[in-house]
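Numbering of the sequence shown is given in the UniProt record's numbering, commencing with residue 1 and proceeding in unit increments.
Glycine included, C-beta positions come from ideal geometry on N, C-alpha and C.
Reading through the C-alpha cells given below for one structure.
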Amino acid sequence: MDIKGKTNDNLTARWDLKSICNRSELELDERRPNVKPKAAYTLSNEHKRRVCEWIKGLQFPDGYVSNLARYVDMMELRMHGMKSHDCYVFMLKLIPIVFWEMLPEHVWSALTEVSLLFQSICSTTFDVHKLHELENSVAIILCNLEKIFPPAFFNSMEHLIVHLPYEAYVGEPVQYRWMYPFERFLRELKKKVKNKAHVEASIVEAYIIKEISLFMSQVSIFNYPGRASGAPKKRWLTEPERHIIKTYILTNCEVVTPYYEEKADWLVVAKVKAQRVVDESKWTEICAYQLDEVLPVPVLGTDNQTYDLRDPNGLQVMVHNQAAGTSRSQARQTDDDNEDDDEDSFEDDETDDDEYELT
1 MDIKGKTNDN LTARWDLKSI CNRSELELDE RRPNVKPKAA YTLSNEHKRR VCEWIKGLQF
61 PDGYVSNLAR YVDMMELRMH GMKSHDCYVF MLKLIPIVFW EMLPEHVWSA LTEVSLLFQS
121 ICSTTFDVHK LHELENSVAI ILCNLEKIFP PAFFNSMEHL IVHLPYEAYV GEPVQYRWMY
181 PFERFLRELK KKVKNKAHVE ASIVEAYIIK EISLFMSQVS IFNYPGRASG APKKRWLTEP
241 ERHIIKTYIL TNCEVVTPYY EEKADWLVVA KVKAQRVVDE SKWTEICAYQ LDEVLPVPVL
301 GTDNQTYDLR DPNGLQVMVH NQAAGTSRSQ ARQTDDDNED DDEDSFEDDE TDDDEYELT
C-alpha cells in the first residue's frame, strides 16, 4: 500500500540497495534523490481504491472476524486499527484473492506461498509428511520474498517463519496454543471495570464474585432438594392429567406386565393396522387403552395399595374423593361390599362427583 511512515520501503532502504544487492531498477537517481522508482510490489491509487472498496463490501460469517469495513479509510486509501486476529484472517484468506489481478505473477505467487504456509500450520489436523515438506520448503519461500522486497523489509520476525513447521510438528495443532482465547478473556476482564481509578481492584472484585458463584454451584453440599413452602393446597385433576396418568400406569405398572406380554402378539398385529390410520406418536396411547379393555377387574387386586388405583370406570389413579360417574349412594354401597380395609378408598365430599383430587 506504500503508506507514508508505515512502509519499510523508504529512501534509506533504497540507498542501501546499491551497496547490498544488485537491483538497479529500484535504486535512487542521484539527480533526483527524493523520487523513488515504482516497485513491482506497490499498488497504484486506482488499485488501492479497488482494494478498499472490495474490503469494505466483504461479509463474513458471524464470529469469524470483526467488521473489516470500519478499518478502511477511503480518504487516505489505507487500512488502520486492525487487531491481531484481523491481520491473521487477512493474511491467510484474503491476500491470495485481493492481489490476484493487481500484482505481477512472481510477486503474487510469493505472497500466496506464505499464505498457504500459514494455512497448513494453523489447520486443525496435521499431515506429518506435509509438515516435513513445509520445513524443507520454507527457506525457499523466504528466498523468493528476499528477491522481491528490499532488505529493510526483513528482520528477526520474518525469519522466524523458518521454525514454524517444526514447532507445529512438536507442539501439535496451534488452536490449543495461540493467544486469541487469552485476548478474548482479557477483553471480558476489561468490561468488568467499574472504577477507572482502581482498574486492577475493580477487575479482581468482579472476578472473585463470579468465581465464587460458579464454584459454589458445583459443590454438592449446597444442592438441597426442593422443600414444600407454605400451606398445602388440594388441586383437582384435569381431564388431560387423568388421561396421562392412565396411559402411564397401563404402560409401566408391574401388575399389568404379564397381561401385556400375553397380548404381545395381538398388540403387534394391532400396531401394524393402526399405523395405517394413526400417527406413530399416538401408538403408545392406543396400545394402553386397548390393553385396558382386555384386563380383568381382579388384576389390580382388592387390597388398599392397589384397589385405590382403579375406579369403576377403569381409571388407574389415586383418588381422594368418590369415583367419577357414580353417585354418593353407589359409592357407599361399593364400600359396604368390600372388606373393612377398603372403606377409606373413597371419601364422601360435597363437591361434584366427576372431580378427582391427587393426594
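When the distance is taken between beta carbons, is residue j closer than 8 Å to residue i?
i	j	result
Ser120	Lys130	yes
Val114	Ile140	no
Asn8	Ala152	yes
Leu145	Ala110	yes
Arg78	Met1	yes
Arg14	Glu27	yes
Ala201	Lys192	no
residue 361	Val65	Lying outside 1 to 359, the shown extent of the chain, residue 361 is not represented and no answer is given.
Val170	Cys122	no
residue 366	Val89	Summary: the structure shown does not reach residue 366, with the chain confined to residues 1 through 359, and so no result is reported for it.
Which class does residue i belong to by DSSP, given the choice of helix, strand or coil?
i	result
Arg31	coil
Leu17	helix
Ser108	In the sequence on display, residue 108 carries Trp and not Ser. Helix.
Asp303	Here the model assigns Asp303 a pLDDT of 45, short of 50, so the residue's position is not dependable and the matter cannot be decided.
Asp9	coil
Trp54	helix
Arg235	coil
Met75	coil
Asp336	Only weak support exists for where Asp336 lies, its pLDDT of 46 falling under 50; the value from the coordinates is given anyway. In this structure, Asp336 counts as helix in the three-state DSSP scheme.
Thr247	helix
Ile3	coil
Ser86	Checking the sequence shown, residue 86 turns out to be Asp, not Ser. The answer is helix: DSSP assigns Asp86 an H, G or I state.
State buried or exposed for residue i, treating a residue as buried only when at least 16 other CB atoms are found within 10 Å of its CB.
i	result
Ile249	buried
Pro150	buried
Cys143	exposed
Ile203	buried
Tyr176	exposed
Lys246	buried
Leu68	buried
Glu41	In the sequence under discussion, the amino acid at residue 41 is Tyr, which differs from the Glu named in the question. Looking at its Cβ environment, which holds 16 or more other Cβ atoms inside 10 Å, Tyr41 is buried.
Val219	exposed
Lys196	exposed
Taking the alpha carbon of residue i as the reference point, which residue from the options has its own alpha carbon closest?
i	options	result
Thr12	Pro33, Lys210 and Thr238	Pro33
Ser24	Glu101, Ile148 and Val89	Ile148
Arg50	Leu117, Glu101 and Phe182	Glu101
For the ligand ZN, is there any heavy atom lying closer than 7 Å to the beta carbon of residue i?
i	result
Ser115	By its list of ligands, the structure shown contains no ligand whatsoever, and the ligand ZN lies outside what it can speak to.
Would you check if the segment 86-100 and the segment 46-65 touch, i.e. whether three or more CB-CB distances between them fall below 8 Å? yes
Closer than 8 Å is the cut-off here; do at least three beta carbon pairs connect the segment 158-169 with the segment 29-37? no
Is the segment 73-83 in contact with the segment 11-19, if contact means three or more CB pairs nearer than 8 Å? No, they do not touch.
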